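One structure below.
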Amino acid sequence: MRELTYKDALHEALDQIMAEDDRVFLLGEDIGVYGGAFGVTGDLQEKYGKDRVVDTPISEAAITGACVGAALTGMHPVGEIMFSDFVTLSMEQLVLQASRIRFMFGGKATVPMVLRLPGGSGTGASGQHSGSYESWFIHVPGLKVVMPSTPYDAKGLLLAAIEDPNPVMFFEHKLLYRTKGPVPEEMYTIPIGKSQVVREGKDLTIIATSVMVMRSLEAAQKLAEEGIEVEIIDPRTLNPLDMEPIIASIIKTGKALVVHEAVKTGGFGAEVAGRIVESEAFAYLDAPIRRLAGLDMPIPYNRNLEYHAVPQVENIVEESRKIVQGVY
Amino acid sequence: MRELTYKDALHEALDQIMAEDDRVFLLGEDIGVYGGAFGVTGDLQEKYGKDRVVDTPISEAAITGACVGAALTGMHPVGEIMFSDFVTLSMEQLVLQASRIRFMFGGKATVPMVLRLPGGSGTGASGQHSGSYESWFIHVPGLKVVMPSTPYDAKGLLLAAIEDPNPVMFFEHKLLYRTKGPVPEEMYTIPIGKSQVVREGKDLTIIATSVMVMRSLEAAQKLAEEGIEVEIIDPRTLNPLDMEPIIASIIKTGKALVVHEAVKTGGFGAEVAGRIVESEAFAYLDAPIRRLAGLDMPIPYNRNLEYHAVPQVENIVEESRKIVQGVY
Amino acid sequence: MEKEKLLEGELTPKDAKHLLYLMVLTRAFEENAEEMYALGKVHGTMHLSIGQEAIAAGASSAITRDDYLLNTHRGHGHFLAWGGDLNRMMAEFLGKENGYCRGRGGSMHIADIESNNLGANGIVGGNLPIAVGVGLSIKIRKTNQVVLTLFGDGAANEGAFHESLNMASIWNLPIIYLCENNLYAMSTPFDQAFKIEEISQRAVAYGIKGVTVDGNDVFAVHQAVREAAERARYGNGPTLIEAITYRWRGHSKSDRQAYRTREEVKEWMEKDPIPRFAKKIGVSDKEMEEIQERVKIDIQKAVEFAENSPEPDVSTILEGVYA
Amino acid sequence: MEKEKLLEGELTPKDAKHLLYLMVLTRAFEENAEEMYALGKVHGTMHLSIGQEAIAAGASSAITRDDYLLNTHRGHGHFLAWGGDLNRMMAEFLGKENGYCRGRGGSMHIADIESNNLGANGIVGGNLPIAVGVGLSIKIRKTNQVVLTLFGDGAANEGAFHESLNMASIWNLPIIYLCENNLYAMSTPFDQAFKIEEISQRAVAYGIKGVTVDGNDVFAVHQAVREAAERARYGNGPTLIEAITYRWRGHSKSDRQAYRTREEVKEWMEKDPIPRFAKKIGVSDKEMEEIQERVKIDIQKAVEFAENSPEPDVSTILEGVYA
Ligand SMILES: Cc1ncc(C[n+]2csc(CCOP(=O)(O)OP(=O)(O)O)c2C)c(N)n1
Ligand SMILES: Cc1ncc(C[n+]2csc(CCOP(=O)(O)OP(=O)(O)O)c2C)c(N)n1
Ligand SMILES: [Mg+2]
Ligand SMILES: [Mg+2]
């Protein structure tokens, strides 16, 4: 199959849906001539005009509100928050409006909007431009939270998110934009709310998100050389979370490790651990569930500190080894 | 000992510290003549003047930023966000500024501010005025998160929060304001980061926060009549979280239930579950850790629906019974 | 009246009389709400617009029901003037299943998407960013609609106000920003929160038209909104209208009103917009009594309807969270 | 120069020459930064103020080091003009342990609390709410200080701008709002984001003084800031100053600059504030060369200092998260 980068896969999804559905339009800062801070929107303004690829002033609350209002009146807006950190300026519109309007209005309104949120560390962007915020949003009923880790998923999930009648938070990772993988040319969707086993193994179940899927796969190779076979599951959608493959896998392996970049305390890994314990898999656990996550700190500027602030391949290898060898 | 309401205990803390420390001042919407939406600031403006009890326009981002700036330059501001829901408008200043400035500046700045956040459901205030947001903030390194459940703790923790050199999120609960309990007249602090056993028992460990402590105590009485003795632990500080008494208790009871009002998915209970599993208590668990929390939905207006949207005494009784009787 | 174009030309005498009815109805609804609250029949809070009824009457009559409404927490009058059904509104107020929002929203979130009434909003300034999206949607769909966006003086100090008006101005969005300046935001007097004389001066910051009108004068509001709508429909962008009025009651249920004097309230009560409008349109005392009588019956029926309506079933509690 | 009152009266020739040195130093620092970036010695992004040096020189010289500074992402010039030590600044830029922020902050977050430099800020408009708190703190402590708050044209469309200026105005806070309008916010030209001619017009919305000056003219900026500081210190509240300038380089490292023409850039390069100021204050070509030479050495030394400085120790990674 043809290979595309994650960035180009996203671009293609936007391009194809815009050609087909004129309810879809894009808005955000510098997404037009500039093509977006990470180049995702690229040439789309040239192609679809300034009315459908709308460059906004630097006003994140209004960008988000504009999505809400447009969605309420029949459009399918896709907003871009240049760095996901700036979603801190959109919280009222997202949490008190987008996510709740439908319920508060007795189920009689729909808010089909997507917010694209590039996040994560690894580019030296330091404390205010490198965060991972997805965990907050799984705590907001009414929102869906999607976080693709491959070009294939990126395209299919973005198209699914745009079709979805609910507000969807779409978390991208800066370090993934240049990664390549097979992507079908035609339009396709990947169902929101479906976890995927991305590697099979019998010794340990790793649940990893976003860039940590990539790192976990790399770690798995090294572990395989030592005779440790890990199974890796990418939830892809963080809310609603599909626990089935995770539970099935743990019943098989008896061991679980959650890996994400966001800081550990209060992160997505806690929810996964909580659900595993509540599930039938609990009885099969023969080791404590471990969470490998970002240190509880802001992302530092210094390259070396930045590297050590979030899980890397070697940390995953080491942590997996410990679990399998029963060091805990 | 003299009894005070939770509201009056908070008021007394503010009054005493303002009399003693002129770095402390208050700001927020309608905290002056009006005395605060829930009456906490009461007569303090009359007493300390408009310069130290500052009525602000409706500008939550600037209220929060004003705390940050004042704190950076040596003051100890205590901001009030009228309903904790409106903290959605303060997220950038809290998360990207208050919590990170110290780290980003190489540990050379301090931001000793407190934000008071009345929250919770039960007053018919419906979807945008009844939320529980504390779980987001345990996921923000640099912030401390405090949530007192009694008048005694309210006063002692508020004084500790104001003394603390870090930004502290201080979550109050609307339904607690009128509850009464013993409160010493003199100034005292309760250390931030100390959990407390509020009831001893041998059959089940309940970890409950805020209004759920009260409900759990009530449930415990009913359970006691059935011969079930639950131990109740109030963390009081959600971050940094003191796991010691929790672990010790579970080693004793072998069973754990976390109870909070915030919606379940991604809530504080997940973090507690995650930490229990990672601790030595894991080996002692003879039942899965359960989480009893708000339904994954906004708070409804209708009184009956509102009641059922969050854990009530009977839910705690039932859930505890199930765990102890091994129904799970 | 739902979905029907009320008025496109000037106000006819018949239109005017209908507006008077709506004003009287709004006041009666709110006085009744107060009573029910006192009787413990209502859970939660509410915000009464008694004394401010002219704005809803003047504004809603200046645009059509193909346009959009974005309402505030103090929005009973606007809801009724937009054509809201009194019975279902009362049912919502009592949290009943056949209320507009199935009892999930209540007074602060009452909406009727079907009639382009996009709802009240409990967040001060919360509807202002949303207005941008509605305006943008109209612009993209080229439907020639406008969106009437209400907010209070207090909301004009939220960052959302700024971002919204700027975006609307640079894109020439068809938005009518109608600020109900009732001189207080909760306990905060206007001149304690603003260093300017008129909120409409803020239009300068966005290069748009700003105007201040007497908010207790139905015709003045109507005229300003009509002009703004015209500008909006012809692609000339948003307008900031400030309508000066006064709230007679406390901010919400639990307000001691220590921040203002009885005299001030009394002074404003003498500027009651209802008799003023009645007089202006030549409605006789007898006609006025008839209207009052009709309203009384309407309210009574609505209360009966609402009280006899079923409570939401707890088994449906999660409905509506997701589509 | 740290902690020393630079200038309280008019600019003396000596002062002026020092300012010229700072402008040349800033430019050299940034040109050097570009080079280091190209050589892969710098991780992350940076925002260069080349072409805008007059503002920092003019502004910092108009207030004292007992006052406060709140800086932006494009703030190297302001940092140096405030008295920042070049060596420790360079070390921070390279992420070293003895940089101002121990290598944790970098260019976008460089601060020196000790000298009342409250830091650069990576969030557009992020320092504007903070300014209110600094102003309030000054007012409560009655210290007669002022706070110089920088932001770009783009920041003037954030809600934070609105809330901050309104609060500062109603409380008469001693804040100097200095907007560096370099005609672009990233790729967005000024007239695409504003429907007004001058950002200073927005002062009207807050009932405060607004003024637009030539941001490439050190004296014009100095004069405006001095006047604003005077107003502020005498309890007459904030001022909104807009200084028009132009950024010669791309927005950040990865900018193709498709949004503007080479001609436009060239035109503005002819308005270089450095020779303009040199000429105005009568600095000869020879003197200028001496300054350049001195700067070259200073930069070289700083690079050496920074490169020889230790990396932060990974074992200290969590230091500074909590006090
Ligand atoms: C963001 C936000 N802040 C504060 C509140 C609490 N609150 C509700 S109404 C109100 C006063 C609003 O004043 P104004 O905008 O003038 O409208 P009015 O009530 O006078 O109609 C306040 C402070 C809120 N609902 N939302
Ligand atoms: C809240 C926020 N939104 C967006 C950005 C990304 N960003 C960084 S600088 C910039 C442009 C700022 O323009 P302006 O305020 O004019 O300052 P300039 O860069 O021109 O000096 C943008 C969009 C940001 N850092 N913070
Ligand atoms: Mg008002
Ligand atoms: Mg700019």
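So the sequences go chain by chain: A, B, C and D.
So for the first sequence, my numbering puts the first residue at 272; every next one is plus one.
So for the second sequence, my numbering puts the first residue at 272; every next one is plus one.
So for the third sequence, my numbering puts the first residue at 18; every next one is plus one.
So for the fourth sequence, my numbering puts the first residue at 18; every next one is plus one.
For every residue, glycine included, the Cβ atom is placed at its ideal position computed from N, Cα and C.
Keep in mind that this is a model prediction, so the values were computed, not measured.
Annotation for glycine 94 of chain C indicates a beta carbon at 6 Å or more from all heavy atoms of ligand 3. With 6 Å as the limit, the residues whose C-beta approaches any heavy atom of ligand 4 more closely are D:Gly169, D:Asp170, D:Gly171, D:Asn199, D:Tyr201, D:Ala202, in sequence along the chain. Residue contact check for serine 132 of chain D against chain B: no CB pair falls below 7 Å. The straight-line gap separating the alpha-carbon atoms of glycine 123 of chain C and asparagine 573 of chain B is approximately 8 Å.
Between threonine 160 of chain C and the set C:Ser186, C:Val151, C:Ala108, the nearest pair of CA atoms involves C:Val151. Taken in chain order, the whole beta strand (DSSP E) runs of length 3 or more contained in the region 150 to 210 of chain D are 164 to 169, 192 to 198. Around glutamine 218 of chain C, the beta-carbon contacts reaching into chain D at under 7 Å are Val221, Ala222. If you check the C-beta of methionine 184 of chain D against ligand 1, you find no heavy atom less than 6 Å away. The region 71 to 87 of chain D makes contact with the region 237 to 245 of chain D: 3 or more CB pairs, one atom from each, lie closer than 8 Å. Uninterrupted alpha helix (DSSP H) stretches at least 4 residues long and entirely within the region 214 to 298 of chain D occur at 235 to 250, 279 to 286, 290 to 297, given in chain order. For aspartate 315 of chain D, the enclosing alpha helix (DSSP H) has its first and last residue at 302 to 324. Annotated three-state conformation of glutamine 467 of chain B is strand, per DSSP. In the DSSP secondary-structure assignment, proline 453 of chain B is bridged to B:Glu274.
By the C-beta criterion, the region 339 to 352 of chain B is judged not to be in contact with the region 557 to 569 of chain A, since fewer than 3 inter-stretch pairs fall below 8 Å. Rounded to the nearest angstrom, the Cβ distance from glutamate 405 of chain A to phenylalanine 553 of chain A is 25 Å, too far for a contact under 8 Å.
Cβ proximity to chain C below 9 Å picks out Glu300, Asp301, Gly303, Val304, Tyr305, Gly306 from the region 294 to 307 of chain B. Taking CB atoms only, methionine 568 of chain B has a neighbour in chain A less than 7 Å away. Here the region 364 to 377 of chain A makes no contact with the region 213 to 223 of chain C; the two share fewer than three CB pairs at distances below 8 Å. When secondary structure is reduced to three states using DSSP, histidine 579 of chain B falls in the helix class. When the five nearest sequence neighbours on each side are left out, the beta carbons in the same chain lying within less than 6 Å of the beta carbon of cysteine 338 of chain B are those of Pro348, Gly350, Met384, in order along the chain. Within chain D, the C-beta atoms nearer than 8 Å to that of valine 339 of chain B come from Pro146, Ile147, Gly150, in chain order.
Boundaries of the alpha helix (DSSP H) harbouring valine 482 of chain A: 482 to 496, taken from the DSSP string.
Listed in chain order, the positions of the region 546 to 580 of chain A with a beta carbon within less than 8 Å of a beta carbon of chain D are Leu566, Asp567, Met568, Pro569, Pro571, Tyr572, Asn573, Arg574, Asn575, Leu576, Glu577, His579, Ala580.
Any Cβ of chain A closer than 7 Å to the Cβ of methionine 106 of chain C would place that residue at the interface, and such an atom is absent.
Exclusion of the five residues before and after glycine 310 of chain A leaves Lys278 as the residues of its chain whose Cβ lies within less than 7 Å of its Cβ. With respect to the C-alpha of asparagine 253 of chain C, the residue from C:Val300, C:Leu190, C:Val228, C:Asp272 having the closest C-alpha is C:Leu190. Note on methionine 272 of chain A: under 16 other CB atoms within 10 angstroms of its CB, so exposed under the neighbour-count rule. Relative to ligand 2, even the nearest heavy atom lies 6 Å or more away from the CB of methionine 375 of chain B. CA-to-CA, the gap between histidine 93 of chain C and proline 329 of chain C works out to about 22 Å. If you draw a straight line from the Cα of glycine 267 of chain D to the Cα of leucine 563 of chain A, it is about 39 Å long. A buried status is given to serine 204 of chain C, since no fewer than 16 other beta-carbon atoms sit within 10 Å of its beta-carbon.
When DSSP states are grouped into helix, strand and coil, histidine 347 of chain A belongs to the strand group. Note: arginine 562 of chain A is bridge-paired with A:Val529 in the DSSP secondary-structure output. Cβ neighbours of valine 59 of chain D within its own chain (closer than 6 Å, five residues either side excluded): Met53. For the C-beta of proline 327 of chain C, not a single chain B residue is nearer than 8 Å; the gap to the nearest is close to 11 Å. Runs of the alpha helix (DSSP H) lying entirely within the region 314 to 369 of chain B, each at least 4 residues long, are 315 to 319, 331 to 343 in chain order.
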